[in-house]
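The structure appears below as structure tokens.
Number of protein chains: 2
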Amino acid sequence: MTRQTADQLDRIDLNILRILQEDGRLSNVELSRRVNLSPTPCLERVRRLERDGYIQGYAARLDPERLGRSLMAFIEVRLDRTSPDVFKIFADAIAPMDEIQECHMVAGGFDYLIKVRVADMAAYRAFLGDKLSSIPGVAQTHTYMVMEEVKSTAAIPVPVR
Amino acid sequence: MTRQTADQLDRIDLNILRILQEDGRLSNVELSRRVNLSPTPCLERVRRLERDGYIQGYAARLDPERLGRSLMAFIEVRLDRTSPDVFKIFADAIAPMDEIQECHMVAGGFDYLIKVRVADMAAYRAFLGDKLSSIPGVAQTHTYMVMEEVKSTAAIPVPVR
DNA sequence: CGTCTTCGCCGGATGATATACTGAAAAATT
DNA sequence: AATTTTTCAGTATATCATCCGGCGAAGACG
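Okay, structure coming up:
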């Protein structure tokens, strides 16, 4: 019996997820101490959580400002036709654009909501004019510049149980 | 002389950042191999990048769907008055709400753009009705449900040089 | 031009860690 | 209660993180 759908996480698993989301480089020894296990079963659980897809990977969190991406903006994009091939063309076009952090197809008002990070206004203008607007099918865009990040977390809330 | 503003990153530093952003749990030995250094100076560089703030931390990337947060939405929020204390009240109110992943003050049209993750429509309704709309000062909200994530990356582009 | 200083690198040594293996305890099932 | 299954802890070994000392290149200075 493979655990595919009915896999259940107990309190220890949830604690592991919460702790590793907070500090992904914690050593297994220290992690095991915090969840009141010996290192061996703790590592087994981490491997299982990785294998089952709860943990998709590990990443260093880099400072955008120090890497020259101080400006964030959201862009609403409307396509001139909403046919599957236009969607495909658009998706393929934005995939390699590294300014684009997220692109969501949304319901209610326009077609796509895009989150971008660029160096400054000049870079933003260049991005919008040379790259985004030149994608075939893009009819209209509306930009919201981010003035202040009131809250910003990538952390998925882990249930406490 | 402390390196505060004029700190420069060479090609090796940038490679380290790029690799650790991709796999934050890579051992220092393996990392040093990939950047063509011996372990010792490689670890020194990582420590320096951490100390200087280029690396803010490390995190396990968790799967939102498997943790019961399948629904994503963006909410535009308008406040009834735009005075500093209303801003403060709003910021303090949203800080502990774990459904809210991001909250940005934006220019052009409304006051805040919020990104939320919830379990389902019922949870969304409960969040909007019971939590967000009951914050004093919130005049109007408009929701954009995410139908499809066309692109999603937390990765900050690291210059290649 | 030669020397001195500085900086980043390498290699070895040492303590800590990851991880496989074995067996015991606990829990679930019958 | 007996059996099966699951999960755990302890031990052993290979790997790793990290400290220490020394080397060599680049630049400063006489």
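Residue numbers (numbering that gives the first Met the number 0), protein chains in the order written: chain A, 0 to 160; chain B, 0 to 160. Even for Gly, the Cβ is constructed at its ideal location relative to N, Cα and C. The structure presented is a predicted model; accordingly, all values stated were derived computationally and were not measured.
Chain B places a beta carbon closer than 9 Å to that of Glu21(A), counting this residue as a contact. Below the 7 Å Cβ cutoff, chain B contributes Tyr143 as neighbours of Gly108(A), in chain order.
Against chain A, a Cβ distance below 9 Å from Ser31(B) picks out nothing, because the smallest value is about 16 Å. Ile99(B) sits away from Lys87(B), with the two beta carbons spaced by 9 Å or more.
Distances from the CA of Gly23(B) to each of Ile54(A), Arg50(A), Ser82(A) and Ala59(A) were compared; the closest alpha carbon is that of Ala59(A). Listed in chain order, the positions of the stretch 70–85 of chain A with a beta carbon within less than 8 Å of a beta carbon of chain B are Met71 and Phe73. A Cβ-Cβ separation of about 18 Å leaves Val149(B) out of contact with His141(A) under the 8 Å criterion.
When DSSP assignments are scanned along the stretch 7–35 of chain A, the uninterrupted stretches of alpha helix (DSSP H) that are 4 or more residues long and fall wholly within it turn out to be 10–21 and 27–33.
Of all alpha-carbon atoms in Pro38(A), Leu48(A), Ser26(A) and Glu21(A), the one lying nearest the alpha-carbon of Asp9(A) is that of Leu48(A). When Pro156(B), Thr81(B) and Pro38(B) are compared, the shortest CA-CA separation from Asp110(B) is found for Thr81(B). Gly67(A) and Leu13(B) have their C-alpha atoms some 13 Å from each other. Against chain B, the CB of Thr39(A) has no partner CB under 9 Å away; the residue lies outside that interface.
Within the same chain, Cβ atoms closer than 8 Å to the Cβ of Ala154(A) are found at Gln20 and Glu21, the five residues on either side in sequence being excluded. Under the three-state reduction of DSSP output, Gly136(B) falls in the coil class, being neither helix nor strand.
Look at the beta carbons and you see the stretch 71–80 of chain A touching the stretch 130–141 of chain A: at least three pairs across the two are nearer than 8 Å. Put simply, the CB of Met120(B) is far from chain A, with every gap to its CB atoms at 9 Å or more. Close to chain B, meaning a Cβ-Cβ distance shorter than 8 Å, are the following residues of the stretch 91–102 of chain A: Ile93, Ala94, Asp97, Glu98, Ile99, Gln100, Glu101 and Cys102.
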